[in-house]
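**Student:** The structure that follows is given in the form of structure tokens.
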Amino acid sequence: MEPALPSWNEPTPRLHRVSEHRLDAPIVICSNRGPVSYHSVNGELEGVRGAGGLISGLLPLMESGQARWIAAALSEEDRAAAALSLPERSGPLHLLDINAEDLDLYYNIVSNEVLWFLHHGLLDSTYTPSYTDEWRTAWQAYRRVNTAFARAVCHHGPDGATVLVQDYHLTLLAPLVAAERPDLRLVHFHHTPFAGPSEVRLLEPTARREILTGLAAHHACGFHIGRWETNFRRCIEDMRLPSTSTFTSTLSSDLGAIREVAASPACDAAFAELTERVGDRFVIARVDRMELSKNIVRGFEAYDRLLGLRPDLHGRVVFVAQCYPTRVTVPAYRRYRDLVVDTVERINGRWGSAEWTPIELADVDDFPASVATYRRYDALLVNPVRDGLNLVAKEGPAVNERHGQVVLSSEAGASVELAGAADEVHPFDVVATSEALSAIIDRSPSERRARSEQ
Numbered sequence: 312m313e314p315a316l317p318s319w320n321e322p323t324p325r326l327h328r329v330s331e332h333r334l335d336a337p338i339v340i341c342s343n344r345g346p347v348s349y350h351s352v353n354g355e356l357e358g359v360r361g362a363g364g365l366i367s368g369l370l371p372l373m374e375s376g377q378a379r380w381i382a383a384a385l386s387e388e389d390r391a392a393a394a395l396s397l398p399e400r401s402g403p404l405h406l407l408d409i410n411a412e413d414l415d416l417y418y419n420i421v422s423n424e425v426l427w428f429l430h431h432g433l434l435d436s437t438y439t440p441s442y443t444d445e446w447r448t449a450w451q452a453y454r455r456v457n458t459a460f461a462r463a464v465c466h467h468g469p470d471g472a473t474v475l476v477q478d479y480h481l482t483l484l485a486p487l488v489a490a491e492r493p494d495l496r497l498v499h500f501h502h503t504p505f506a507g508p509s510e511v512r513l514l515e516p517t518a519r520r521e522i523l524t525g526l527a528a529h530h531a532c533g534f535h536i537g538r539w540e541t542n543f544r545r546c547i548e549d550m551r552l553p554s555t556s557t558f559t560s561t562l563s564s565d566l567g568a569i570r571e572v573a574a575s576p577a578c579d580a581a582f583a584e585l586t587e588r589v590g591d592r593f594v595i596a597r598v599d600r601m602e603l604s605k606n607i608v609r610g611f612e613a614y615d616r617l618l619g620l621r622p623d624l625h626g627r628v629v630f631v632a633q634c635y636p637t638r639v640t641v642p643a644y645r646r647y648r649d650l651v652v653d654t655v656e657r658i659n660g661r662w663g664s665a666e667w668t669p670i671e672l673a674d675v676d677d678f679p680a681s682v683a684t685y686r687r688y689d690a691l692l693v694n695p696v697r698d699g700l701n702l703v704a705k706e707g708p709a710v711n712e713r714h715g716q717v718v719l720s721s722e723a724g725a726s727v728e729l730a731g732a733a734d735e736v737h738p739f740d741v742v743a744t745s746e747a748l749s750a751i752i753d754r755s756p757s758e759r760r761a762r763s764e765q
């Protein structure tokens, strides 16, 4: 029988400090997307491991038998798997069959169009957001989805378990779980940046209060770097809410898995094909989802400036961009993809020739090809507008074979960890980005080797 949950207006009990948690207690992971997605292959459901740093960082807990994972069923195949309760070799996985309309509104309207844009500094208040009737409908859906997760946690959570709640999709479940299951220890980790008080005030007031109250109801909230942690604490103070414990923790990519892919036949084939295309040219590279916060267009504009100032590089350099589509149902993302493609065509038309294509854009999700690009780059451009961490800046150097250099945005959380090992630029500064690329091209082999070994 489903546990009863309190209404949104009932007071939330205060929680104990995270330091009281037993380290040997079982773990429950909650995230919007699970570690496995299902596809139909010859009429059979087949699970495929998902990509991304969250899954890479947490999947070992499931594989060790220490954790169970609760996530939303995001496709018809996922829903079929949820109905069949298919076992997973990596551990217990509970996929929630949530109303499709609610899932769409919670994910695309609230999570993607508002919260993602807010925390990445992408809202343009001249135009967005507008809190219309559609927003209010979407917010109710966001509440219902969080309630569904809370019910699942209460039902599946072992006695005394630690519940690791992941990211901005699931900010409301802690008060509900705490009221029903006070034995559970709740820890939230925010993988994106966290906006400061002035930006968070752009949220609709009810949503702002419920989100911050929900986050503060955890035993602890974690962030990748101190800046995001400080922003969160300032937001809690701004709303005069009770404080909660906070901590910072970087996310280590599964470098063993990356190196395994780098040594795979699929990656070797992609690397050979890439090497045949680019020859001995200097390779500038980027590997990103094709989304606004990754700042792809400004990166290409910096390259365009470089080609304009340095005719000596024509035919000697190539920009290899592995940029795969994401969130294609969101209009802003479709427009941005069009802008990326138009920018590439414009630059190639301006500088290219029959023998040389200045930018080679691959807009497909091909992980072995992405890792092959990691292996081959001479300069890796990672220039997000704002990023919680950014694993590309850490994964690329782990398998690169050419003492490649990294040009890294000062607004990426990884810039704290990689200070001194990367050429740091402000993400909006096209001139500085262009100059950093030019400097790397002119850097001697010994200088490149020394910097890559830092």
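Residue numbers (the working numbering): 312 to 765. Even for Gly, the Cβ is constructed at its ideal location relative to N, Cα and C.
1. Can the beta-carbon of Ala730 be found less than 8 Å from the beta-carbon of Ala704?
2. Whole alpha helix (DSSP H) runs in the stretch 587-632 with 4 or more residues, listed along the chain?
3. Ends of the alpha helix (DSSP H) at Val655?
4. For the alpha helix (DSSP H) containing Val741, list its first residue and its last residue.
5. My understanding is that Pro504 touches His431, with C-beta atoms under 8 Å, so please give their C-beta distance in whole angstroms.
6. Can the beta-carbon of Ser386 be found closer than 8 Å to that of His480?
7. Among Ala680, Asn410, Glu388 and Ser342, which has the Cα closest to the Cα of Asn353?
8. Do you know offhand how far Tyr442's Cα is from Glu510's?
9. Based on Cα-Cα distance, which residue from Ala690, Ser757, Val629 and Gln451 lies nearest to Glu521?
10. Kindly indicate which three-state DSSP category Arg400 falls into: helix, strand or coil?
11. To the nearest angstrom, how far is it from the Cα of Trp662 to the Cα of Arg762?
12. What residue does the beta strand (DSSP E) around Val682 start on, and which one ends it?
13. Can you look up His714 in the DSSP assignment and give me helix, strand or coil?
14. From Tyr614, Pro708, Leu523 and Glu424, pick the residue whose C-alpha is nearest to that of Ser564; which is it?
15. Could you have a look at Ser422 and say whether DSSP puts it in helix, strand or coil?
16. In the DSSP assignment, find the unbroken beta strand (DSSP E) run with Gly567 in it and report its ends.
17. Are the CB atoms of Val498 and Val265 within a distance shorter than 8 Å?
18. For Pro622, is the classification buried or exposed, using 16 other Cβ atoms within 10 angstroms of its Cβ as the cut-off for buried?
19. Could you name the residues of the same chain whose beta carbon sits closer than 8 Å to that of Arg519, not counting the 5 residues immediately before and after it, in chain order?
20. The alpha helix (DSSP H) with His466 in it runs from where to where?
21. Apply the 10 Å Cβ neighbour rule to Ala558 and answer buried if 16 or more other Cβ atoms are within range, or exposed otherwise.
**Tutor:** A quick look at the data gives this:
1. no
2. 607-620
3. Pro642 to Trp662
4. Val741 to Asp753
5. 6 Å
6. no
7. Glu388
8. 15 Å
9. Gln451
10. In this prediction, Arg400 scores a pLDDT of 43, lower than 50, which makes its location untrustworthy; the coordinate-derived value is nonetheless stated afterwards. DSSP places Arg400 in coil when its eight states are reduced to three.
11. 31 Å
12. It is not in any beta strand (DSSP E) - Val682 instead sits in the alpha helix (DSSP H) that spans Phe678 to Arg687.
13. coil
14. Pro708
15. helix
16. Not the beta strand (DSSP E): Gly567 falls in the alpha helix (DSSP H), residues Leu566 to Ala573.
17. Outside the displayed span of the chain (312 to 765) sits residue 265, for which this structure offers no information.
18. exposed
19. Val511, Arg512 and Met550
20. Asp444 to His467
21. For the sequence presented, residue 558 should be read as Phe rather than Ala. Exposed: under 16 other Cβ atoms inside 10 Å.
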